[in-house]
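To start, the structure under review is shown below, and the notes come after it.
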Amino acid sequence: MDRNEIVKTVNSIFVERFEMDESELTPEKKIIEDLQLDSLDLVDMIVGLQQKFGIMLRDNPEIRNVRTLGDVYDLFEKLAKEHPEIADKIK
Amino acid sequence: MVLLRSIAIYSVTVLWMLVFWLAVLLPVLAVMLLPAPRRRHVIRFFLLVFGQLTIRCVWRIFFRIRFEDRTGGVREPGIVVVNHRSASDAFLVARPGFCGAQTVNGWPLRLPFLGPVARAAGYLNVTEWDYGTTLARAREVLSLGEMIVSYPEGTRSESPRMNPFHSGIFRIAMELKVPVYMLCIAGNQYMPDRKFRFREFQDISMRFLGPLPAEEIQKCPTAYALKMKVFRRMTDELASMDAELDHEKTL
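Same order as they appear, the protein sequences are chains A and B. Using the working numbering, the first residue of the first sequence is number 1, and each one after it goes up by one. Using the working numbering, the first residue of the second sequence is number 1, and each one after it goes up by one.
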């Protein structure tokens, strides 16, 4: 699963669940400050990511370090390498 | 000048507050014998009358408040989202004339005199209550045919620019399947400012918009989607209201 596929999948969650315009979803965007997600919205985001990628994030300490959309892409790029089955779940 | 202005309006308001609450003291004490939900409902009615008289009669000495009702007269119980530039908003929300409970951070409930009244009225302490308690109390208020008045920015902005919204109240609207109204208030950003000084007296403009019907709200996939819809709508409306006020100032 390459980076482009990950970016597309992550962005689809923001478009479907938060009705964001895809054009505003760029890696440098800060999730709280720029996209205006608060703590409750972050829960929705994590639930969406878990459902889409089919993995649990609750116990993953790295999710707490996510600040920008680029950090989300990086995290899932790393997870996709560790769990190659993610690619099948997305298809 | 700032000091004089502040002394003038606070003196008149405090004096008026004493007169009003002394005048209704006996009925208020009698109301304390009622069961809790009914008691809170009646105290909120007294607060509505107090707020209406304050802004229509007492503050009229100092500035003018222009109000436009664009709801088409709809008053179905729901959530009223208000932008929050100044502490005067807590009084100004009485202008549309509906009875309701406001959501507050903990500190206004600890104010002398007004704090105990707000607590008796069952105002929703959103920073100290958990989600379940807030939801149950919101349900109680709505079942009595009243509104929940909420400031999703969380704190005063003291600026024409709105702070980002919190999602909690929009989650409650979706869960309780109630409409969302929007009350836009412009012109009062320094009346008073965050240090409670009246830096100016100028006209205030208020517009009561909505409601976004419950069916439309249910179509939103998340509370975030709903809050951003409301945020954008209010941002546009406030920009036009501020432009009108600026234009009038130049005339």
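The beta-carbon is built from N, C-alpha and C at its ideal position, and this holds for glycine as well. As the structure is a prediction and not an experimental result, all values here were calculated from the model.
Sub-8 Å separation of THR68(A) and ILE13(A) beta-carbons: In the first sequence, counting from the first residue as 1, residue 68(A) sits at position 68. In the first sequence, counting from the first residue as 1, residue 13(A) sits at position 13. It is not a contact, given that the beta carbons lie outside the stated cut-off.
TYR190(B) at chain A interface by Cβ criterion, 8 Å: Along the second sequence, one-based indexing puts residue 190(B) at 190. Output row for TYR190(B): interface = no.
VAL2(B) vs ARG197(B) beta-carbon contact at 8 Å: As a working note, residue 2(B) is residue 2 in the second sequence. As a working note, residue 197(B) is residue 197 in the second sequence. Cβ atoms of VAL2(B) and ARG197(B): closer than 8 Å.
Counted within 10 angstroms of its Cβ, other Cβ atoms place SER143(B) as buried (16 or more) or exposed: Translated into positions along the second sequence, residue 143(B) becomes position 143. By the neighbour-count rule (16 or more Cβ atoms within 10 Å), SER143(B) is not buried but exposed.
Span separating the alpha-carbon of GLN36(A) from that of GLU28(A): Here residue 36(A) is taken as the residue at index 36 of the first sequence, counted from 1. Here residue 28(A) is taken as the residue at index 28 of the first sequence, counted from 1. Roughly 14 Å separates the two Cα atoms.
Bounding residues of the alpha helix (DSSP H) (the contiguous stretch that carries ARG40(B)): Reading the second sequence from its first residue, position 40 is the one you call residue 40(B). Note, ARG40(B): alpha helix (DSSP H), 36–53.
Limits of the alpha helix (DSSP H) - the one that ARG119(B) falls within: Here residue 119(B) refers to the residue found at position 119 when the second sequence is read from its first residue. Where ARG119(B) is concerned, the enclosing alpha helix (DSSP H) stretches over 114–120.
Interface residues of the segment 96–121 of chain B facing chain A [CB-CB below 9 Å]: none
Closer than 8 Å to chain B by CB, GLN36(A): Within the first sequence, numbered from 1, the residue matching residue 36(A) stands at position 36. Cβ-Cβ to chain B under 8 Å: yes for GLN36(A).
Continuous beta strand (DSSP E) stretch holding ILE13(A): start and end: Against the first sequence, residue 13(A) aligns to sequence position 13. Where ILE13(A) is concerned, there is no enclosing beta strand (DSSP E), although the alpha helix (DSSP H) it sits in stretches over 3–18.
Same chain, Cβ closer than 6 Å to PHE53(A), five either side skipped, listed in chain order: Looking up residue 53(A) in the first sequence gives position 53. Taken in chain order, the residues that qualify are ILE86.
Close beta carbons around LEU109(B), own chain, < 8 Å, minus the five adjacent residues each side: Locating residue 109(B) in the second sequence gives position 109, where the first residue counts as 1. Taken in chain order, the residues that qualify are GLY115, ALA118, ARG119, TYR123 and ASN125.
CB-CB length for HIS83(A) against ILE63(A), believed under 8 Å: For the purposes of this step, residue 83(A) is taken as the residue at position 83 of the first sequence. For the purposes of this step, residue 63(A) is taken as the residue at position 63 of the first sequence. Contact doesn't hold; Cβ gap of about 15 Å is too wide.
Pick from ALA225(B), ALA101(B) and PHE113(B) that is closest to GLY145(B), judged by C-alpha positions: In the second sequence, residue 145(B) corresponds to position 145, counting from 1. Checking every option, the nearest Cα to that of GLY145(B) belongs to ALA101(B).
Proximal residues to SER88(B) (C-beta, below 6 Å), its chain only, five neighbours per side dropped: Within the second sequence, residue 88(B) is the residue found at index 88, counting from 1. Correct list, in chain order: ASN188 and MET191.
Given GLU33(A) as reference, the closest of PRO164(B), PRO211(B) and MET182(B) once Cα atoms are compared: Here residue 33(A) is taken as the residue at index 33 of the first sequence, counted from 1. If we check each option's Cα against that of GLU33(A), PRO164(B) comes out closest.
Which residues DSSP lists as bridging ASN125(B), in chain order: As a first step, residue 125(B) is located in the second sequence; it is residue number 125 there, counting from the start. Paired residues: VAL104(B).
Contact list for the segment 39–56 of chain A against chain B, Cβ threshold 9 Å: SER39, LEU40, ASP41, ASP44, MET45 and GLY48
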